[in-house]
Amino acid sequence: MVKLKLSIAAELENVTNLEPVGNNFEFRFKVKCSSCNEEHPKTVSLNRAEEYEVSGSKNAKANFVWRCGLCRRESSAKFESTPITPYKAENAQFGPLLVIECRGLEFIGFDPEGTWKCVGTESGTVFSEVELAEGEWSDYDEKASLPVNISKIDSKWERA
Ligand SMILES: [Zn+2]
Numbered sequence: 001m002v003k004l005k006l007s008i009a010a011e012l013e014n015v016t017n018l019e020p021v022g023n024n025f026e027f028r029f030k031v032k033c034s035s036c037n038e039e040h041p042k043t044v045s046l047n048r049a050e051e052y053e054v055s056g057s058k059n060a061k062a063n064f065v066w067r068c069g070l071c072r073r074e075s076s077a078k079f080e081s082t083p084i085t086p087y088k089a090e091n092a093q094f095g096p097l098l099v100i101e102c103r104g105l106e107f108i109g110f111d112p113e114g115t116w117k118c119v120g121t122e123s124g125t126v127f128s129e130v131e132l133a134e135g136e137w138s139d140y141d142e143k144a145s146l147p148v149n150i151s152k153i154d155s156k157w158e159r160a
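In this text, residue positions in the sequence shown follow the UniProt record's numbering: the first is 1, and each later residue adds one.
Shown next, in the form of structure tokens:
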């Protein structure tokens with residue numbers, strides 16, 4: 001088993017505390033088999049709310065169970081129960097988002113598609129429908145009379 005940490009970086013203009021909305025946010029990852037190093041050709045999605053049985057071990061559950069198309073080995077992954085860490089960095093530095101336990105697989109990419117939320121730095125205004133599929137999001141904070149913007153989203157996986 002290996003614990004992997006996903007960190008993100010982004011340029012945040014007048015907003016902070018960027019995080020995915022809800023416990024059932026679909027995280028879209030690229031996955032690689034640790035046995036044969038085959039990369040899954042498609043992005044897979046998993047969330048913290050859904051659990052699946054892991055074959056061969058009694059009562060074991062995981063948030064993601066995958067059978068490699070090449071070597072046919074089953075692997076799985078389970079989110080750590082610690083809450084998501086909202087992203088705060090203001091100068092585009094990496095901040096940890098989540099940790100996931102992986103058995104027999106490794107995640108190698110992250111597609112930020114889905115609904116995120118963030119908070120106006122000055123006003124505390126909550127923006128709860130932030131779409132990052134295009135890699136950039138803009139709005140206007142009426143209360144602070146400031147433009148708000150998220151861009152240059154980056155991510156990395158490393159051992160936790
Ligand atoms: Zn494989």
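Backbone N, C-alpha and C define an ideal beta-carbon position, used for all residues, glycine too.
Asked: Is I84 closer than 8 angstroms to L98 when the C-beta atoms are compared?; Found: yes
Asked: Whole angstroms are fine: how far does the CA of E19 sit from the CA of V130?; Found: 9 angstroms
Asked: Taking K3 as the reference, give the member of A144, K78 and V15 with the closest Cα.; Found: K78
Asked: Assuming A160 and K5 form a contact by the criterion Cβ under 8 angstroms, report the distance between their Cβ atoms to the nearest whole angstrom.; Found: 4 angstroms
Asked: Could you check if L12 belongs to the surroundings of ligand 1, using beta carbon to heavy atom distance under 7 angstroms?; Found: no
Asked: Report whether the distance from the Cβ of R73 to the nearest heavy atom of ligand 1 is below 7 angstroms.; Found: yes
Asked: With distances taken Cα to Cα, identify the nearest neighbour of E13 among E158, D154 and E122.; Found: E122
Asked: With burial defined as no fewer than 16 other Cβ atoms inside 10 Å of the residue's Cβ, what is the status of G56: buried or exposed?; Found: exposed
Asked: In terms of alpha-carbon separation, which member of K42, G22, Y52 and E106 lies closest to K61?; Found: Y52
Asked: Give the DSSP bridge partners of L146, in chain order.; Found: D141
Asked: Is C33 close to ligand 1? I mean its beta-carbon at under 7 angstroms from any heavy atom of the ligand.; Found: yes
Asked: If you compare alpha carbons, which of K156, N149, W157 and S155 is closest to E11?; Found: N149
Asked: Considering only the alpha carbon of each residue, which of E158, S138, V119 and L146 lies closest to K152?; Found: S138
Asked: Output the boundary residues of the beta strand (DSSP E) element that contains R67.; Found: F64 to R67
Asked: Is any heavy atom in ligand 1 found nearer than 7 angstroms to the beta carbon of E38?; Found: yes
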